[in-house]
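Novice:
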Amino acid sequence: GAKPAVCKHWLRGLCKRGDGCDFLHDYDASRMPECYFYSKFGECSNKDCPFLHVGATASTAGCPWYDRGFCRHGPLCKYKHTRRVMCANYLVGFCPEGPKCKFVQYVLGRLGMWLGGEI
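For the sequence shown, the positions run 87 to 205 when the working numbering is used.
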């Protein structure tokens with residue numbers, strides 16, 4: 087089958103999986119992995135960045151698989167992949183911002199899945 091995206095390790099010459107790799111070992115601008123900086127911080131300072139800047143052009147509907155931890159479609163997914171940053175205060179027990187906090191506050195539920203929750 088078609089491979090979802092260019093292998094980020096192959097791009098650096100570090101992929102050890104060779105033909106057994108699940109990712110593409112050819113340069114294809116339309117199938118590049120997501121830019122780490124753009125996805126994490128919402129901006130990328132490299133004007134010649136070869137990676138995908140997913141956001142404004144992505145669908146407004148969130149990807150349920152990505153939200154659970156993994157989407158097999160990667161950057162080619164038609165749904166939005168939103169990285170969430172956990173609230174450090176919440177993780178240690180208390181966030182003074184409560185529901186107004188800009189970071190995610192989750193509790194670990196059954197089967198090791200993150201479930202939305204409040205303190």
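Here a beta-carbon is modelled for each residue, glycine too, at the ideal position from N, C-alpha and C. Everything numeric in this text was worked out from a predicted model, so none of it was measured.
State the start and end residues of the unbroken alpha helix (DSSP H) segment that holds ALA174.
Specialist: Indexing the sequence shown from 1 puts residue 174 at position 88. 174-177 is the extent of the alpha helix (DSSP H) around ALA174.
Novice: Any idea which residues DSSP pairs VAL190 with across the strands?
Specialist: Position 104 of the sequence shown, counted from the first residue, corresponds to residue 190. VAL190 pairs with MET172.
Novice: What's the gap between the Cα of CYS149 and the Cα of LYS166?
Specialist: If you number the sequence shown from 1, residue 149 lands on position 63. If you number the sequence shown from 1, residue 166 lands on position 80. Whole-angstrom Cα-Cα distance: 6 Å.
Novice: Identify whether LYS94 lies in helix, strand or coil by the three-state DSSP scheme.
Specialist: Here residue 94 refers to the residue found at position 8 when the sequence shown is read from its first residue. Correct three-state label for LYS94: helix.
Novice: Express the C-alpha separation of PRO136 and ARG117 in angstroms, rounding to a whole number.
Specialist: On the sequence shown, residue 117 is found 31 positions in, with the first residue counted as 1. On the sequence shown, residue 136 is found 50 positions in, with the first residue counted as 1. Cα-Cα distance, rounded: 10 Å.
Novice: I'd like the span of the alpha helix (DSSP H) that includes PRO161, first residue to last.
Specialist: Looking up residue 161 in the sequence shown gives position 75. First-last for PRO161: undefined, no H or E at that position.
Novice: Quick check on the burial criterion: 16 or more other C-beta atoms within 10 angstroms. Buried or exposed for GLY160?
Specialist: The count along the sequence shown starts at 1 and reaches residue 160 at position 74. When all chains shown are included, GLY160 counts as buried.
Novice: Tell me the rounded alpha-carbon separation between ALA91 and LEU110.
Specialist: The residue given as residue 91 occupies position 5 in the sequence shown. The residue given as residue 110 occupies position 24 in the sequence shown. Those two C-alpha atoms are separated by around 6 Å.
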